[in-house]
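Below: one structure, written as structure tokens.
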Amino acid sequence: MDLKFTNLGGHMAVAVDGVDFRQPPSEELGATLRQALWDNQVLCIRGQNLETAEYLRAIQIFGEPEIRPEIPHVEGFPAVTTLSSEDRDVHGDGKRLVAGANWHSDDTFMARPSALTALYGIVVPEVGGDTQYANMYAAYEALAEERRAYLDTLRVVHTMKPARGGLVRSRSIAPEILAARPPSTHPLVRTHPETGRKALYVSRNRMDRIVGMEREESHRLIDDLVGHAIQPEFTYRHKWQQGDIVIWDNRCLMHKANGDYPEGARRFMKRIIVAGEVPV
Ligand code: OGA
Ligand code: MN
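Numbering (my numbering), first residue to last: 5 to 284.
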């Protein structure tokens with residue numbers, strides 16, 4: 005297979021042409037794509053035209069797909085959920101829902117948050133609907149040494165129900181699902197299990213408080229880190245092409261959805277999350 009890699013964001017994100025996941029991926033292809041992901045944090049596999057089963061098989065080269073029952077899924081494939089411009093908040097006020105419109109990392113409220121997330125662009129809008137990424141290795145490394153040493157000591161309580169007011173609305177969650185998801189405490193700086201590099205681990209709306217700190221002060225510190233991390237030199241904005249599979253690493257990135265496509269424009273993605281580990 006002839007692979008062509010193209011750098012997308014300068015300091016992060018790479019696209020690969022020449023992959024066809026209609027064929028079962030070889031060990032060698034799997035190893036090459038995993039390395040590209042560890043090196044670039046975001047990997048865009050272009051030009052795919054897949055059945056759901058082929059997509060699911062392909063993503064298994066990166067790890068074990070996980071199930072989150074609260075998200076609508078493709079019939080017969082509980083591990084393949086859907087993100088659609090037609091989504092409405094069925095447990096809340098029924099209004100249009102843009103999942104992930106705040107800067108975040110996926111599922112940080114879990115004891116073992118998902119390591120990776122894949123989105124497959126089946127229908128993409130002509131204008132808008134980009135996904136943005138912030139490189140949390142780079143954001144961490146740019147801080148003064150003293151500041152890094154202090155942040156290294158902090159732990160944060162994460163909850164599924166957004167702890168913060170005044171943020172962009174998100175999916176309302178059924179009470180029985182909330183009850184089954186107790187808070188988790190994670191380090192504010194985590195070490196990536198594949199690369200050994202340290203990264204800020206921040207997901208603002210899930211972060212209830214820093215252990216040993218008042219809520220207000222906790223939120224100020226977190227907001228400050230978010231403001232730092234989303235500066236242009238740490239970020240990449242992905243403009244979707246139909247047939248893109250974009251897979252990203254939640255352990256060293258924040259990301260953000262944009263619901264800025266016009267009313268009536270369609271966006272439809274198939275989403276798979278890959279199991280992660282306890283952050284350390
Ligand atoms: C997600 C997410 C961003 C987007 O699927 O976790 O945040 O642009 N998606 O849809
Ligand atoms: Mn997300």
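A virtual CB, placed ideally from N, CA and C, is assigned to each residue, including glycine.
Can you have a look at residue i and say buried or exposed, based on whether 16 or more other CB atoms are within 10 angstroms of its CB?
i	result
Q245	exposed
Q27	exposed
G268	exposed
N53	exposed
R159	exposed
T157	exposed
I277	buried
DSSP puts residue i in a beta bridge; with which residues?
i	result
F9	V20
P73	According to DSSP, which records beta bridges pairwise, P73 is partnered with nothing at all.
G125	M273
H232	The partner list for H232 (beta bridge, DSSP) is empty, contrary to what the question assumes.
T85	H77, R275
Determine the direct distance from the alpha carbon of residue j to that of residue i, and round the result to whole angstroms.
i	j	result
D228	H190	18 Å
L155	A142	15 Å
Q64	S30	12 Å
P187	I226	18 Å
H232	G80	42 Å
A122	L101	19 Å
V78	L33	27 Å
W107	V230	8 Å
G125	E150	42 Å
P73	I177	11 Å
N44	A57	27 Å
A148	L87	39 Å
Who are the near neighbours of residue i in its chain, counting only those whose CB is closer than 6 Å to its CB and skipping five residues on each side?
i	result
P117	D111, G280
Y240	G13, M16, A17, Y137
V20	L7, F9, I49
R219	R213
R201	Y141
I75	T85
Any heavy atom of ligand 3 closer than 7 Å to the beta-carbon of residue i?
i	result
T121	You won't find ligand 3 in this model; what it holds is ligand 1 and ligand 2.
Ordered along the chain, which non-local residues of its own chain (more than five positions away) have a Cβ less than 8 Å from that of residue i?
i	result
V46	L12, G13, M16, A17, V18, Y137, Y240, H242, V250, I251, W252, D253, L257
P266	P129, V131, G132
W180	The amino acid at residue 180 is misidentified as Trp; the sequence shows Glu. Once the five neighbours on either side are set aside, E180 has no close Cβ partner at all.
Tell me which residues share the same chain as residue i and place their Cβ nearer than 7 Å to its Cβ, disregarding the 5 neighbours each side in the sequence.
i	result
T199	W42
V284	P191, R194, T195
Extract the residue ranges of the beta strand (DSSP E) inside the segment 146-211, only unbroken runs of 3 or more that lie entirely within it. 159-162, 188-191, 193-195, 202-204
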